[in-house]
Amino acid sequence: MHTSLIIALDWFGIAVFAATGALVASRKEMDVFGFALLAIVTGVGGGTVRDLLLGRLPVFWVQEPAYILVCVIVAVVLFFTAHLPESRYRLLLWFDAIGLSLFAVVGADRALDVVPSPVIAVVMGVVTATFGGIIRDILGGEVPVLLRKEIYVTAALAGAAVFVGGKALGVAEPNALLAGFLACLLVRGLALWLGWSLPPYRARPGRPQDGSRR
Amino acid sequence: MHTSLIIALDWFGIAVFAATGALVASRKEMDVFGFALLAIVTGVGGGTVRDLLLGRLPVFWVQEPAYILVCVIVAVVLFFTAHLPESRYRLLLWFDAIGLSLFAVVGADRALDVVPSPVIAVVMGVVTATFGGIIRDILGGEVPVLLRKEIYVTAALAGAAVFVGGKALGVAEPNALLAGFLACLLVRGLALWLGWSLPPYRARPGRPQDGSRR
Amino acid sequence: MHTSLIIALDWFGIAVFAATGALVASRKEMDVFGFALLAIVTGVGGGTVRDLLLGRLPVFWVQEPAYILVCVIVAVVLFFTAHLPESRYRLLLWFDAIGLSLFAVVGADRALDVVPSPVIAVVMGVVTATFGGIIRDILGGEVPVLLRKEIYVTAALAGAAVFVGGKALGVAEPNALLAGFLACLLVRGLALWLGWSLPPYRARPGRPQDGSRR
Chain A
1 MHTSLIIALD WFGIAVFAAT GALVASRKEM DVFGFALLAI VTGVGGGTVR DLLLGRLPVF
61 WVQEPAYILV CVIVAVVLFF TAHLPESRYR LLLWFDAIGL SLFAVVGADR ALDVVPSPVI
121 AVVMGVVTAT FGGIIRDILG GEVPVLLRKE IYVTAALAGA AVFVGGKALG VAEPNALLAG
181 FLACLLVRGL ALWLGWSLPP YRARPGRPQD GSRR
Chain B
215 MHTSLIIALD WFGIAVFAAT GALVASRKEM DVFGFALLAI VTGVGGGTVR DLLLGRLPVF
275 WVQEPAYILV CVIVAVVLFF TAHLPESRYR LLLWFDAIGL SLFAVVGADR ALDVVPSPVI
335 AVVMGVVTAT FGGIIRDILG GEVPVLLRKE IYVTAALAGA AVFVGGKALG VAEPNALLAG
395 FLACLLVRGL ALWLGWSLPP YRARPGRPQD GSRR
Chain C
429 MHTSLIIALD WFGIAVFAAT GALVASRKEM DVFGFALLAI VTGVGGGTVR DLLLGRLPVF
489 WVQEPAYILV CVIVAVVLFF TAHLPESRYR LLLWFDAIGL SLFAVVGADR ALDVVPSPVI
549 AVVMGVVTAT FGGIIRDILG GEVPVLLRKE IYVTAALAGA AVFVGGKALG VAEPNALLAG
609 FLACLLVRGL ALWLGWSLPP YRARPGRPQD GSRR
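Encoded structure:
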């Protein structure tokens, strides 16, 4: 039963991440096949890295080519409609936030199928959620999402941790999935809306380094 | 019988891609070991990604170290001769085109060994053909090949699709391989020669968005 | 017996590479979770690529989550102390040199567990030693270590070759490990200290190309 929910979330996550890949392709004025390739690697990239690390081979989309077709359809639709929204970049960020939230819980859940470690489950949630976007930004020549200042990795971590913690505390799987998804979306959404960031590391060149290990 | 043809094409593809890696190393004025590393990752990179995704592990060159030695020999030869051709960049693009055409059909053929899906075979052809060059450009600090304007992904797609389509229609494997190879080389070659590109996506800021989903 | 030595070297290598990831995060003024992610991918990145290529799946840290925890601890400690050393960049380069030397021998040793080829063992030593830093530089937006002029790949190659050669000549494993480690550290250390580089490839536009294959 829960399996069909996970599968639905996974499909939705792949479609919205594929859309972010296509939007990056539109920013770089690629042709329609460039849209398709970037949509595919972004849509299935995070889950592919997860499957490789866990040893679930061949990776999921090799066994189910329909995932690829969905990415291609999304790419073609956006090739013809990406000029319609007022701000493509804003749309990209929000689609990315939804995909991030979906993959944070789906990735953690998949890891628990293979190893029972909560640490690994959280790490796999973060990896699945972030690597599609990382690959997209590297191939598309964008500033890597990791280097932007607003909270990003932290949101994926929050989502995966809420899901894994919830399950460990005996919460029913669908509820834990929903709670983790909402936790990530809330954190990332507030970060986007309010420009939230955590205190960054700051070099302190002028400060006297009194006391500690001079 | 056909297997020996595939193996020959694979070796040739690895050698020409290794040469493109060495040519990028020459553009960056690396030392001879930098040449060798970039030749190796470019030569075997596409096939390595393909084998990882398909779960054919350890990857092909771990089982046959001679692939690595060929890349090293190509790197050393080019370290001493790369100044001879008139335009190294032009040479790089043409070697890349030949490697692209070879790997588009070889990659698709290898995928059909693992899964019978034509969609996956075409995707694996494109992945095998393009990822060596993508890794080369990222590690070598070049503008990623995906962001250049001339037809590139499309050529690999054409080659893989002709090969897979031909086989599905009952064409003998060597003929299908040759047809796919020539289709890719023709498309990419014309793109290089004539500066061909497909219509790119263009932002339309000033156009009134009449009708559709305002 | 030797196994516990290898494991100790591996842990130490992961910790120092994690520190280099955290130092790059500090240069980019990331938040503490950015520190953690960059420390993790740098610390376990080289070994992860090695395990993927060799087909040792799931990769090593999925089976032993403590590796991840060590990277996180290193990241948190550096988040609060990275301003103390006088030159963070110098520290980064020296930690990187130690990690490079450790992973060159550990990576080669792990490869010999899977295939008996000395060529593959040396290649895997170089891959394990260099890919953590390559991933760190790509994700952290630094100039890729491969493009810097001082000897780098060559040092890893020297370390792996000394270890593999020593074992082939019958040297006891702990001695071969130590010799390979010191060989790499010596070469890289002298390169850092004295600015050593190998003769790079140089374009020769004006030179008459007499004789050879005109």
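Residue numbers (our numbering), protein chains in the order written: chain A, 1 to 214; chain B, 215 to 428; chain C, 429 to 642. Note that beta-carbon positions come from the ideal geometry of N, C-alpha and C, so glycine has one too.
With a threshold of 7 Å between beta carbons, P200/A makes contact with chain C. Between T342/B and G260/B, the gap from beta carbon to beta carbon is short of 7 Å. Cβ-Cβ separation between A510/C and S454/C: approximately 4 Å, consistent with a contact (criterion under 8 Å). Taking 7 Å as the CB threshold, K242/B lines the interface with chain C. Put simply, the stretch 186 to 195 of chain A does not touch the stretch 225 to 239 of chain B. Fewer than three CB pairs are less than 8 Å apart.
At a cut-off of 7 Å, the C-beta of I120/A has a neighbouring C-beta in chain C. With a beta-carbon spacing of about 13 Å, G313/B and G339/B fall beyond the 8 Å limit used to define contacts. At a cut-off of 7 Å between beta carbons, S117/A contacts chain C. CA-CA distance, A397/B to V24/A, rounds to 29 Å.
Per DSSP, reduced to three states, the secondary structure at L147/A is helical.
In the DSSP assignment, K28/A falls outside any alpha helix (DSSP H) and carries neither an H nor an E. Around the CB of S515/C, fewer than 16 other CB atoms lie within 10 Å, so the residue is classed as exposed. Distance from the Cα of F309/B is smallest, within the candidate group T256/B, G379/B and L383/B, for T256/B. Closest option to I220/B, judged by alpha-carbon separation, among R324/B, Q277/B, L292/B and I348/B: R324/B.
Under the 10 Å beta carbon count, S529/C is surrounded by 16 or more other beta carbons and is classified as buried. Here the alpha carbon of D459/C sits roughly 6 Å from the alpha carbon of P199/A. Look at L404/B: its C-beta is not under 7 Å from any C-beta on chain C.
Neighbours of I496/C across chain A, judged by C-beta separation under 7 Å: V119 and V123.
Separation of F317/B and I442/C (C-alpha to C-alpha, rounded to the nearest whole angstrom) is 36 Å.
Secondary structure in the stretch 517 to 580 of chain C: the alpha helix (DSSP H) runs of 4 residues or longer, each lying completely within the stretch, are 546 to 568 in chain order. In this structure, the straight-line span from the alpha carbon of V145/A to that of D137/A is close to 7 Å. At least one CB atom of chain C sits nearer than 7 Å to the CB of D245/B. In this structure, L223/B and V320/B form a Cβ contact; the two beta carbons are roughly 5 Å apart against a cut-off of 8 Å.
Interface with chain A (7 Å Cβ-Cβ cutoff): L266/B is included.
In the three-state reduction of the DSSP assignment, Y201/A falls in the coil class. With a cutoff of 7 Å on beta-carbon distance, A589/C and V550/C are scored as near each other. L512/C: not part of any alpha helix (DSSP H); DSSP gives it neither H nor E. For the stretch 134 to 164 of chain A, the set of residues with a beta-carbon nearer than 7 Å to any beta-carbon of chain B comprises I138, L139 and G141, in chain order. Rounded to the nearest whole angstrom, the C-alpha separation of Q63/A and R56/A is 11 Å.
By the Cβ neighbour-count rule, F559/C is buried, with 16 or more other Cβ atoms within 10 Å of its own. Counted as a single uninterrupted DSSP element, the stretch harbouring V273/B is not any alpha helix (DSSP H), since DSSP gives it neither H nor E.
Annotated three-state conformation of L37/A is helix, per DSSP. Legend: CB atoms of the stretch 521 to 544 of chain C lying less than 7 Å from CB atoms of chain B belong to residues V542 and V543.
Secondary structure of L408/B (DSSP, three-state): helix. The beta carbon of A108/A sits closer than 7 Å to the beta carbons of A121, V122, M124, G125, A160, F163 and V164 from its chain, once the five residues preceding and following it are set aside; these are given in chain order. Within chain C, the residues L485 and P486 have their CB atoms less than 7 Å from the CB of G55/A, given in chain order.
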